[in-house]
Amino acid sequence: MHAPIRFKRSILGVATAFTALAVAALPAATAGADEEAAPRAASALASGAYFNRLGQDDDTLVDHLVDLVNGTPDGESIAGTAYHFDEPRVTDALIKANKERGVKVMLITDYNAYENEPEVKRLKNAVEGQGGGSWVVRCPARGSSTACIGTGAMHNKFFLFSKTSGSKWVVSTTSANLNEGSGRNLFNSTYTHVGNEALYDQYGFYFNDLGFAVQDDEYYENHPPKVTGNTKSYFYPRAEGDTVTSTLESVACPGTIHVGMWSISRGSPTKELRRLADAGCSVQIVAHHIYDQACENLTKPGDGKVTLYGFREGKPYIHQKNMLINATYTGERHQVVFTGSANLNNPSIRENDENVLRIMDEPRTYEAFVRNFNAMANEADYKVTTEADCKKLFNGQES
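In terms of our numbering, the sequence shown opens at residue 317 and continues consecutively.
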């Protein structure tokens with residue numbers, strides 16, 4: 317594989333360096349977005365959330381990524397990961413940035429994306445061999461694994477920009493795949509954070525490790541989560557324990573918890589959600605799949621109530637991977653957003669290459685996620701009240 321980029325920690329024998337900028341980090345301004353879209357900044361890009369327009373084949377998240385690529389000036393760098401990569405407009409923007417502005421473009425994809433999606437090879441053929449250090453690589457195939465580090469899939473969907481749209485150190489993580497089936501056609505979210513050099517470096521270190529493709533089932537344990545300003549980043553796979561469970565164990569009621577998730581199957585975090593509902597928290601969930609023990613935990617009678625919504629076959633459904641908390645958390649009242657690529661299922665925590673970002677006390681960002689959740693709940697056409705109801709939810713294929 318091509319040598320990954322260099323952030324601040326030493327990388328073995330990397331010939332082409334991606335140098336972290338040595339100026340003071342810009343403050344991470346808070347900026348939210350309603351369920352329609354986040355406004356495009358007239359000056360410097362600000363941190364904020366972006367969402368599909370509900371119920372439509374919508375380009376909002378693709379537009380945002382293309383804007384970030386187009387806003388990357390001469391000589392800067394873009395590093396991205398993709399489970400699917402099949403959006404010609406994104407390919408076009410990356411090629412233009414590379415050819416016309418000398419932007420270094422680096423992309424890591426799941427093995428299957430490279431094999432099955434022509435846009436990956438089109439980008440690779442256009443940017444490699446031009447003398448600027450750009451490259452496109454896939455994770456190696458190891459039996460049934462298509463991941464770089466884990467034993468499942470390379471399921472990440474994040475992009476890093478050294479500078480774009482007037483802001484430095486930009487991290488953009490999303491639930492949306494770069495395709496129609498599990499990107500534009502489904503309810504997805506993107507969160508973009510700016511001006512946080514330490515967070516940018518943390519994602520850069522993980523990107524490097526994805527590029528080296530050394531299998532590590534204990535990646536989370538060997539590279540534990542780190543707080544960087546008002547954010548905290550989590551990288552998977554994880555061999556033991558459950559991050560969502562330990563998070564919910566740190567919540568005290570009263571409060572509200574919203575979970576917007578493509579797939580829910582893990583038992584321990586759903587037991588915690590049930591416990592918090594019984595303790596007086598408002599627990600609301602919008603999901604596409606809810607399986608077996610998880611569904612039983614959430615729907616069984618108790619002192620409180622978990623409100624569950626789903627989507628019937630033929631309806632646009634949720635593909636997000638978000639948890640929102642407004643309660644006492646780790647001893648103090650906080651508004652918290654967890655977002656990224658990881659579902660609340662076993663492959664996401666044990667097998668896949670995944671990322672999750674925690675954002676603390678950005679009110680406009682939290683409120684944007686809540687508004688979007690409420691809009692999705694209004695669009696959901698199936699209310700889950702029993703374990704049998706979970707089995708009736710449409711069983712799609714994308715993740």
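All C-beta atoms in this analysis are idealised placements derived from N, C-alpha and C, irrespective of residue type, glycine included.
Please read all numbers here as calculations on a predicted model, not as lab measurements.
- prompt: Going by beta carbon distance, what residues of the same chain come within less than 8 Å of TYR698, once the five residues before and after it are set aside?
  reply: TYR625, GLY626, PHE627, ARG628, ASP705, LYS708 and LEU709
- request: List the residues that DSSP assigns as beta-bridge partners of HIS539.
  value: In the DSSP output, where bridge partners are listed per residue, HIS539 has none listed.
message: Given this structure, state the Cα-to-Cα distance separating CYS597 from THR623, to the nearest angstrom.
response: 11 Å
Limits of the unbroken alpha helix (DSSP H) element including VAL622: Segment 622-626 is the beta strand (DSSP E) holding VAL622; no alpha helix (DSSP H) there.
- request: With DSSP collapsed to three states, give me the class of PRO570.
  value: In the three-state reduction of the DSSP assignment, PRO570 falls in the strand class, which pools E and B.
task: Please report the residue range of the alpha helix (DSSP H) in which ARG680 lies.
output: 679-695
query: Anyone know if the C-beta pair for LEU384 and PHE477 falls short of 7 Å?
result: yes
field: GLY482, enclosing alpha helix (DSSP H) - first and last residue
entry: Neither: GLY482 is in no alpha helix (DSSP H) and is coded neither H nor E.
- prompt: At what residues does the beta strand (DSSP E) containing THR376 begin and finish?
  reply: Taken as a continuous stretch (DSSP letters only), THR376 belongs to no beta strand (DSSP E), being part of the alpha helix (DSSP H) at 376-386.
- prompt: So, is GLU416 buried or exposed, given that buried needs 16 or more other C-beta atoms within 10 angstroms?
  reply: exposed
- prompt: Could you give the distance in angstroms between the alpha-carbon of ALA603 and the alpha-carbon of LEU614?
  reply: 12 Å
- request: Output the boundary residues of the beta strand (DSSP E) element that contains GLU667.
  value: Counting along the chain, GLU667 falls outside any beta strand (DSSP E), and DSSP gives it neither H nor E.
- prompt: Got a sec? Which residues, its chain only, sit under 7 Å from GLN609 by beta carbon, not counting five neighbours each side?
  reply: Within the same chain, GLN609 has close Cβ partners GLY583.
Status (buried if at least 16 other CB within 10 Å, exposed otherwise) for VAL543: Result: exposed.
- prompt: Whole-angstrom Cβ separation of PHE689 and ARG674, contact assumed at under 8 Å?
  reply: A Cβ-Cβ distance of about 17 Å is found for the pair PHE689 and ARG674, leaving them out of contact under the 8 Å criterion.
message: Between PRO632, PRO663, MET676 and LYS631, which has its C-alpha nearest GLU648's C-alpha?
response: MET676
- request: Pull up the DSSP beta-bridge partners for ARG649, would you.
  value: THR644
- request: Could you spell out where the alpha helix (DSSP H) holding TYR430 opens and where it closes?
  value: 427-432
field: Cut-off 7 Å between Cβ atoms - residues of its own chain near PRO389, not counting five sequence neighbours on either side
entry: ARG417 and LYS479
task: Measure from the alpha carbon of SER566 to the alpha carbon of each residue in THR646, ASN642 and TYR507, then state which is nearest.
output: THR646
task: Could you tell me whether the Cβ atoms of GLY387 and LYS420 are closer together than 7 Å?
output: Not closer than 7 Å, so no.
query: Is the CB-CB distance between SER579 and ASN659 below 7 Å?
result: yes
- prompt: For TYR519, does the three-state DSSP call read helix, strand or coil?
  reply: helix
- prompt: Per DSSP, what kind of secondary structure is ASN368 in: helix, strand or coil?
  reply: coil
query: Can you tell me where the beta strand (DSSP E) with GLY396 in it begins and where it stops?
result: 393-398
query: Taking DSSP as the reference, what is the three-state secondary structure of ARG458?
result: strand
CB contact flag (GLU667, GLY468, <7 Å): yes
- prompt: DSSP three-state call for GLY618: helix, strand or coil?
  reply: The DSSP-derived three-state label of GLY618 is coil.
task: Kindly indicate which three-state DSSP category SER598 falls into: helix, strand or coil?
output: Of the three classes helix, strand and coil, the one that applies to SER598 here is strand, per DSSP.
- prompt: Whose C-alpha, out of VAL530, ALA643, SER505 and GLU678, is nearest the C-alpha of GLY466?
  reply: Cα-wise, what sits closest to GLY466 is VAL530.
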